[in-house]
C-alpha cells in the first residue's frame, strides 16, 4: 500500500523547512501548483527527512530558472557602454525600426478590427455618397412624430378595467 | 475621403474605430463630446438590429433635428460624421 | 386595456410602406409591437434613443434613422416611451 503525500504546499500551509504539518494539503491543485506531488510508500514514512533534499533542489532549480529568465529579459541601462552613433548607423537603425513597426502594425490589424466588432453600421466603400444622400423627408418625419404622440396618449389611457370585485365575501354570515 | 465636402455641410468629424478624433471642422471642430456620444451610439448594438425585419445591414445613421442633422457612416474602419443644415419644415 | 394602443399601431401599419412598429417603455421593455418589428429589439431601441438624447439636451427630441439601401428604421423618444417605425424606402 502506498500513500500520497504532498510535501510541497503554499507558503502559508507549510513550515519553513517544508515538513508536513496538520495544515498540509493532501491533494494539491494540479493547475496552480506545478511542483509535482511525490508518492511515498508506507515504508518511507520513517525516512521522511530524506525526501526534503530532492524537494529543496526543485526549489533551488526553480529559483535559478526564474533568475536566469529575469537576467535575460532585464536591460541594464547603467551597464551599457554609451557610444556615439555614426550618422550612417543612425539612419540605418531608423529604417530598421520603421520596418519593425510596420510589421507589428500590420500584424495587429486583426486586433484593431475587434474594436468595431459590435457596430450598428456596415463598412461602406464610398462615404461621400452615403453622407450626401437625401435626409429624412417631411412626411416620414411627421409619420414618426404623430404616431409617437398618438401612442403616448393611448398608453396614458391604459388603466385597469374594473369588472368584478377583487375581494369577494364567501357568503358565510357571521351570525349563522 | 479626407475632407468631406457635402452640400449643406456645417461641420464634420472623422474618428477612428476607437472613437478618437482624427479630424474635425466647422461646428464640430474639436467636439469630443459629440464624438464620444456618436461613437457610443453606433457601438451600442450589432449591425443586424432586427434580423426579422431588415434583410441587410445598416449603412447610415442620421439624427435629425428641426433645422440640422448629423449624418454618420462607417468607411474603411473610420467613422465619418457630418453635420448638415436642413431646410426648416 | 391596450385596445387604444393596438388601434394606433394598426393605423400606422395601414400605410403599405410600413413594415412594422414597436413601442417600448423607459426601461426598454416592449409595450406593443406590430408587423415585422420583433419585440426583442425594444431594449436596443430604447438604448439608442437614450444615447441620442445626450447629443443636444436643450433641443426637442430628434428622429434617429438607421438606413440601408431600401429600408429605414425611425426611432424617436417621448417622455415616457420610445417608438420605432420600420418602413420601406
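Chains as they are written, first to last, in this note's numbering: chain W, 1 to 176; chain X, 177 to 265; chain U, 266 to 354.
C-beta: ideal position from N, C-alpha, C; glycine also.
Alpha-carbon spacing of residue i relative to residue j, whole angstroms
i: residue 227 (chain X); j: residue 180 (chain X); result: 32 Å
i: residue 86 (chain W); j: residue 94 (chain W); result: 12 Å
i: residue 146 (chain W); j: residue 271 (chain U); result: 15 Å
i: residue 246 (chain X); j: residue 167 (chain W); result: 56 Å
i: residue 299 (chain U); j: residue 256 (chain X); result: 33 Å
i: residue 194 (chain X); j: residue 215 (chain X); result: 8 Å
i: residue 77 (chain W); j: residue 71 (chain W); result: 13 Å
i: residue 190 (chain X); j: residue 69 (chain W); result: 45 Å
i: residue 19 (chain W); j: residue 219 (chain X); result: 57 Å
i: residue 143 (chain W); j: residue 291 (chain U); result: 21 Å
i: residue 188 (chain X); j: residue 128 (chain W); result: 12 Å
i: residue 37 (chain W); j: residue 61 (chain W); result: For residue 37 (chain W), the predicted model reports a pLDDT of 48, less than 50, meaning its position is unreliable; a value from the coordinates is still stated below. The alpha-carbon atoms of residue 37 (chain W) and residue 61 (chain W) are separated by roughly 16 Å.
i: residue 328 (chain U); j: residue 90 (chain W); result: 58 Å
i: residue 317 (chain U); j: residue 221 (chain X); result: 14 Å
i: residue 273 (chain U); j: residue 248 (chain X); result: 31 Å
i: residue 186 (chain X); j: residue 159 (chain W); result: 47 Å
i: residue 88 (chain W); j: residue 79 (chain W); result: 25 Å
i: residue 34 (chain W); j: residue 58 (chain W); result: Annotation note: pLDDT 48 at residue 34 (chain W) (below 50); position unreliable, coordinate value reported separately. Their Cα atoms are separated by approximately 11 Å.
i: residue 148 (chain W); j: residue 276 (chain U); result: 12 Å
i: residue 213 (chain X); j: residue 207 (chain X); result: 10 Å
i: residue 402 (chain U); j: residue 287 (chain U); result: In the structure as shown, chain U begins at 266 and stops at 354. Residue 402 (chain U) is therefore absent and cannot be evaluated.
i: residue 260 (chain X); j: residue 75 (chain W); result: 55 Å
i: residue 211 (chain X); j: residue 141 (chain W); result: 25 Å
i: residue 309 (chain U); j: residue 67 (chain W); result: 53 Å
i: residue 96 (chain W); j: residue 103 (chain W); result: 11 Å
i: residue 205 (chain X); j: residue 242 (chain X); result: 21 Å
i: residue 349 (chain U); j: residue 161 (chain W); result: 28 Å
i: residue 319 (chain U); j: residue 100 (chain W); result: 43 Å
i: residue 224 (chain X); j: residue 119 (chain W); result: 9 Å
i: residue 297 (chain U); j: residue 229 (chain X); result: 16 Å
i: residue 353 (chain U); j: residue 240 (chain X); result: 19 Å
Where the alpha helix (DSSP H) through residue i begins and ends
i: residue 312 (chain U); result: 307-318
i: residue 271 (chain U); result: 268-279
i: residue 130 (chain W); result: 127-131
i: residue 299 (chain U); result: Careful: residue 299 (chain U) lies outside any alpha helix (DSSP H), inside the beta strand (DSSP E) at 295-300.
i: residue 154 (chain W); result: 138-156
i: residue 182 (chain X); result: It is not in any alpha helix (DSSP H) - residue 182 (chain X) carries neither H nor E in the DSSP assignment.
i: residue 92 (chain W); result: 87-107
Within chain C, partners of residue i - CB distance below 9 Å
i: residue 286 (chain U); result: Going by chain labels, chain C is absent from the structure shown, which instead holds the protein chains W, X and U.
Amino acids of chain X, ordered along the chain, whose beta-carbon sits closer than 8 Å to that of residue i
i: residue 342 (chain U); result: Within chain X, no residue comes near residue 342 (chain U); the closest Cβ sits about 12 Å away, beyond 8 Å.
i: residue 313 (chain U); result: 217, 220, 221
i: residue 334 (chain U); result: 232, 235
i: residue 321 (chain U); result: 241
Chain W contact residues for residue i, given Cβ-Cβ distances below 7 Å
i: residue 331 (chain U); result: 120
i: residue 269 (chain U); result: 154, 157
N-terminal and C-terminal residue of the beta strand (DSSP E) that residue i is part of
i: residue 215 (chain X); result: Unbroken run through residue 215 (chain X) is the alpha helix (DSSP H), 208-218; no beta strand (DSSP E).
i: residue 260 (chain X); result: 254-261
i: residue 236 (chain X); result: 236-240
i: residue 290 (chain U); result: 283-290
i: residue 190 (chain X); result: 185-191
i: residue 202 (chain X); result: 197-202
i: residue 245 (chain X); result: 244-251
i: residue 348 (chain U); result: 346-353
i: residue 337 (chain U); result: 336-342
i: residue 332 (chain U); result: 328-332
Chain-ordered chain X contacts of residue i [CB-CB under 7 Å]
i: residue 130 (chain W); result: 235, 236, 249
i: residue 171 (chain W); result: Within 7 Å Cβ-Cβ: nothing; residue 171 (chain W) doesn't reach chain X, min ~52 Å.
i: residue 317 (chain U); result: 217, 239
Chain-ordered chain X contacts of residue i [CB-CB under 9 Å]
i: residue 125 (chain W); result: 251, 252
i: residue 338 (chain U); result: 225, 226, 229, 230, 234
i: residue 325 (chain U); result: 241, 242
Chain-ordered chain U contacts of residue i [CB-CB under 8 Å]
i: residue 160 (chain W); result: 266
Beta-carbon neighbours of residue i, restricted to chain U and to distances below 7 Å
i: residue 136 (chain W); result: 328, 330
Residues that residue i contacts on chain W, provided the C-beta gap is smaller than 9 Å
i: residue 353 (chain U); result: Here the premise fails: no neighbours, minimum Cβ distance about 11 Å.
Next item on the list: Would you list, in chain order, the members of the segment 228-250 of chain X that have their beta-carbon closer than 9 Å to a beta-carbon of chain U?
Entry: 228, 229, 230, 231, 232, 233, 234, 235, 236, 237, 238, 239, 240, 241, 242, 245, 246
Item checked: Contact list for the segment 194-221 of chain X against chain U, Cβ threshold 7 Å -> 210, 213, 216, 217, 220, 221
Margin query: Counting only Cβ-Cβ distances shorter than 9 Å, please list the residues of the segment 178-194 of chain X near chain U, keeping chain order.
Written below: none
Checklist line | Where the segment 280-311 of chain U meets chain X: residues whose CB sits under 7 Å from a CB there | finding: 284, 285, 301, 302, 303, 306, 309
Check: If we count Cβ pairs, one from each stretch, closer than 8 Å, do we get three or more for the segment 294-312 of chain U versus the segment 191-208 of chain X?
Finding: no
Margin query: Give me the subset of the segment 95-106 of chain W whose CB atoms are less than 8 Å from a CB atom of chain X, sorted by chain position.
Written below: none
Next item on the list: Check whether the segment 119-136 of chain W touches the segment 234-243 of chain X, counting contact only when three or more Cβ pairs, one atom from each stretch, lie closer than 8 Å.
Entry: yes
Notebook entry, point to check: Which residues, in chain order, does the segment 76-88 of chain W contribute to contact with chain U at a C-beta distance below 8 Å?
Noted result: none
Note to self: Can you confirm whether the segment 314-327 of chain U touches the segment 269-285 of chain U when touching is taken to mean that 3 or more C-beta pairs between the two stretches lie within less than 8 Å?
What the structure shows: no
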